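Straight run, no breaks: the sequence shown in this note's numbering ends on number 230.
What follows is a short report on a single structure.
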Amino acid sequence: MSAPTATPALQRARHVLSAWLPGRAATRVLERAIRAEGLRPDDVDGETMASLLLGRVYRDLRDTVPNVTLRRELKRLARSLHQHRATPPQGLPAGDDPRIAAHEVATPTPAAANVPATAPTAAPEPASAPVPSQPPATRHLPSDPEVVLMALAVLEGVDGVAVFDAVGRKLDTRGEIPDVDALGRVIAAGGGLLEQHGPLRSVSVTTSDGVMIAVPVPPRWIAVSGAPDMNLGAVYAALTALEEER
């Protein structure tokens, strides 16, 4: 029986890790992470490899590789693998097709009918004020935590993402969040108090060390931690995109 063949994603990850580890050591780290997920080397596509890099591989290396760029380089590789995964092209909705838009702009409006000068003109109806749309009270994200973790963990400036259950127990993480177990308990307790005053969409806390966003997704919580210059707009845009994918 032939040995499993390493996929291009696995080969690429091995090449990057070889910058810090001898070739055999890099291979062992990757194989250990793959086995822990119950996979084979020929099962590892780009999306799976990206998840492993930000999860098990990062946790395995952060205490053994004295290199300040480790997290940045692993994240850069994970983002590349994640963004270049094979997805079928999506067509534009009819209303967003630029050809249709151009046609509508170029189409002349019918000439107004000749109206006798003595004909009374009806007063236009007053325009009703638009009713602002309200976001749903609770976010509904994809049921697979892995999809949510990866969509947020690859964003620029994000250091780590964690999923907690309703009482703050850590379920899974990508990247690094300091004191993650204590953070989960604080989020669950504090979020519960805030929800007594109305539906809660998110909580953002900024300190001199960075930014943390907590998002309730019943029955779970999502926490995103990053540098002080983390782009909050990008995080919220990713959350909105995840809601639309659901």
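Ideal Cβ positions, reconstructed from N, Cα and C, are used throughout, including at glycine.
Please read these numbers as outputs of a predicted model, since none were measured by experiment.
Residue environment: R8 is assigned as exposed (fewer than 16 neighbouring CB atoms within 10 Å of its CB, all protein chains considered).
Distances from the CA of R46 to each of P129, I161, P(-8) were compared; the closest alpha carbon is that of I161. With respect to the C-alpha of E130, the residue from D44, H66, R(-2) having the closest C-alpha is H66. Around V0, the same chain offers L61 as residues with beta carbons nearer than 6 Å, after the five sequence neighbours per side are excluded.
Contact between the segment 184 to 195 and the segment 146 to 158 is absent, with fewer than three C-beta pairs closer than 8 Å. DSSP, reduced to helix, strand and coil, places T48 outside both helices and strands of the structure shown, so it counts as coil. At the C-beta level, D143 and G210 come within 8 Å of one another. The same chain holds no residue with a CB closer than 6 Å to that of K59 once the five nearest residues on each side in sequence are set aside.
Residue L139 holds the alpha-carbon nearest to the alpha-carbon of R56 among V28, D27, L139.
Around the Cβ of L177, a 10 Å sphere holds fewer than 16 other Cβ atoms; the residue is exposed. The C-beta separation of G168 from M214 comes to about 20 Å, leaving the pair out of contact by the 8 Å criterion. At least 8 Å separates the beta-carbon of A3 from that of V41. DSSP places R158 inside the beta strand (DSSP E), whose first and last residues are 154 to 159. For P200, the three-state secondary structure derived from DSSP is strand. According to DSSP, V208 shares a beta bridge with V145, I197. Exclusion of the five residues before and after L184 leaves G175, L178, P200 as the residues of its chain whose Cβ lies within less than 7 Å of its Cβ. Taking C-alpha positions only, A222 is separated from L136 by approximately 7 Å. In terms of Cβ geometry, R(-2) and L14 form a close pair [threshold 8 Å]. Taking a C-beta distance under 8 Å as the contact criterion, A(-7) and D26 do not qualify as a contact pair. Straight across, the Cα-Cα distance linking S35 with R24 is about 15 Å.
For T190, no alpha helix (DSSP H) run applies; the uninterrupted beta strand (DSSP E) run containing it begins and ends at 187 to 190, by DSSP. Annotated three-state conformation of A150 is coil, per DSSP. A Cβ-Cβ separation of about 5 Å places V187 in contact with A198 under the 8 Å criterion. A distance below 7 Å between beta-carbons, with the five flanking residues on each side excluded, links L226 to the following residues of its chain, in chain order: L125, P126, V132, A135.
As the crow flies, the alpha-carbon of R19 is around 32 Å from that of V219.
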